[in-house]
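Numbering (the numbering used here), first residue to last: 26 to 382. Even for Gly, the Cβ is constructed at its ideal location relative to N, Cα and C. Below is one structure, written out as structure tokens, with a few remarks after it.
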Amino acid sequence: MKTISLCMIVKNEEDVLARCLQSVQGLVDEIVIVDTGSNDRTKEIAAQFTDKIFDFTWIDDFAAARNFSFSKAGGDYLLWLDADDVILKEDRERFLALKAELDGSQHMIMMKYNIAFDEGGNPTFSYYRERLMLRADQPRWMGAIHEVIPPIGNAIHSEIAITHKKLHPGDPHRNLRIFEKLIAKGERLDPRQQFYYARELYYHERYGDAIERFLEFLDGGQGWVENCIDACRLLALCYERTGRPREALASLLRSLEYGEPRGEICCELGRSFLERQRYKTAIFWYSLALALTPDERSGAFIQPDCYGYLPCLQLCVCYDRLGDHKKAREYNEQAAAYKPDSPAVLYNRKYFGSLPE
């Protein structure tokens, strides 16, 4: 059986590190921990699981730190996790099955990354990431922030999911600070970095700057298609926040230049027309969202609710506004099939129960 080295970079992770490392017990053959400057019990906790603990001076470069961790590994395959990631029981079983099949012909294994959840613990935001790499291929991380490993050889997609369970918020300004440090040094951002920099500006409510950067990214014509589609969605939100609804709508429609509609875009278009009280047009877009199936292996940022629960709930609203309470009730029950305990679904049931028959 091929061996697997888990490679991690950590800093002040005493609250979550043991949970992460316990979740991989029996799955990996070696654990490499690279500490970038902890002043808590992180290294003490790591020592309970491995003696391969190394220090790395933090230089605002995630790729450099991750590549250093890879350089200390000796397994046939390299696995990376963040300290607030875990592998759940059902995914442990899938992982063991995959490990038994590894023979060196699989160069890169993509795994789903679930990073946001509803009140029932169901993923509401996920995407596939490169997760397990053949060490003989000498995989290298690229990018000081939002680092990535370019595709290598035979890449396969696995049903294994890594679950991100953050307990405490990190430094909300770190990513933006790193990007602006790069720019101040005169470094030119590549298209991928342009997208993520614009997104950070949006998160920081610097909408005018974000608009400028999203347009630069889109007009450059070199971006990955899924980033372009998401950039159109985020650009539309920036326009909304700055009181420019026509530009917001045009930005959402621009996303159609890059490929077929995505559920996330359809729901935004539906919301746009719902707010304009153009209920039939909103119904068109929400119905389209409901008819779509997300391509989970595309690498796109997927919001599963946009392909089921959310359009059902909004179709309920649209038909109610049009006076068709029968259809409105039907769509509310369809929403309930996705989330039976949804407060919105329960509220709607109470509302419909108060209407005259």
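Beta-bridge partners of L157 (DSSP): L104 and I134. Residue pairing from DSSP places M167 in a beta bridge opposite V173.
Around F204, the same chain offers I170, L214, Q218, Y221, Y222 and E225 as residues with beta carbons nearer than 8 Å, after the five sequence neighbours per side are excluded. In the structure shown, the three-state DSSP call for P148 is strand. L214 sits in coil when the DSSP states are folded into three classes, being neither helix nor strand. Per the Cβ contact rule, the segment 63 to 74 is not in contact with the segment 126 to 143 (fewer than 3 Cβ pairs under 8 Å).
In this structure D85 is in contact with K206, their Cβ atoms being roughly 6 Å apart against a cut-off of 8 Å.
Residues of the same chain with a CB within less than 6 Å of the CB of L157, apart from the 5 flanking positions on each side, are Y102, L104 and I134 in chain order. Sixteen is the threshold: since fewer than 16 other Cβ atoms of the shown chains lie within 10 Å of the Cβ of L121, the residue is exposed. The continuous stretches of beta strand (DSSP E) do not include A72, and DSSP gives it neither H nor E. Three or more beta-carbon pairs separated by less than 8 Å link the segment 306 to 321 to the segment 277 to 295, which places the two stretches in contact. Judged by their CB atoms, Q359 and C343 are not nearer to each other than the 7 Å cut-off.
S323 and P286 have their alpha carbons spaced roughly 14 Å apart. A distance below 8 Å between beta-carbons, with the five flanking residues on each side excluded, links L380 to the following residues of its chain, in chain order: H350. By the beta-carbon neighbour count (other beta carbons within 10 angstroms, threshold 16), Y372 is exposed. T82 and M33 have their alpha carbons spaced roughly 15 Å apart. When R346, G348, L335 and L347 are compared, the shortest CA-CA separation from A362 is found for L335. Counting along the chain, no alpha helix (DSSP H) covers D85, and no H or E run does either.
Counting along the chain, F120 sits inside the alpha helix (DSSP H) bounded by residues K114 to E126. Counting only the Cα atoms, I254 lies some 16 Å from E237. Assignment of beta-bridge partners to A307 by DSSP yields no partner. With distances taken between CA atoms, M136 lies nearest to E155 out of D40, A161, E155 and N357. In the three-state DSSP reduction, D65 falls in the coil class, being neither helix nor strand. DSSP lists V57 and W105 as the beta-bridge partner residues of C32. By the Cβ-count criterion, L192 is exposed, with fewer than 16 other Cβ atoms from all chains shown falling within 10 Å of its own Cβ. Y304 sits close to L347, with the two beta carbons spaced by under 7 Å.
Judged by beta-carbon spacing, A141 lies within the 7 Å limit of T149, meaning their Cβ atoms are closer than that value. Counting C-beta atoms within 10 angstroms of its own C-beta, T188 has 16 or more neighbours from the protein chains shown and is therefore classed as buried. Per DSSP, A186 lies in no alpha helix (DSSP H); the unbroken beta strand (DSSP E) holding it starts and ends at A180 to H189. For I236, the enclosing alpha helix (DSSP H) covers residues Y232 to G245.
Separation of M26 and K124 (C-alpha to C-alpha, rounded to the nearest whole angstrom) is 7 Å.
Distance from the Cα of R44 is smallest, within the candidate group R301, A71, P319 and K36, for A71.
The straight-line gap separating the alpha-carbon atoms of A261 and L113 is approximately 36 Å.
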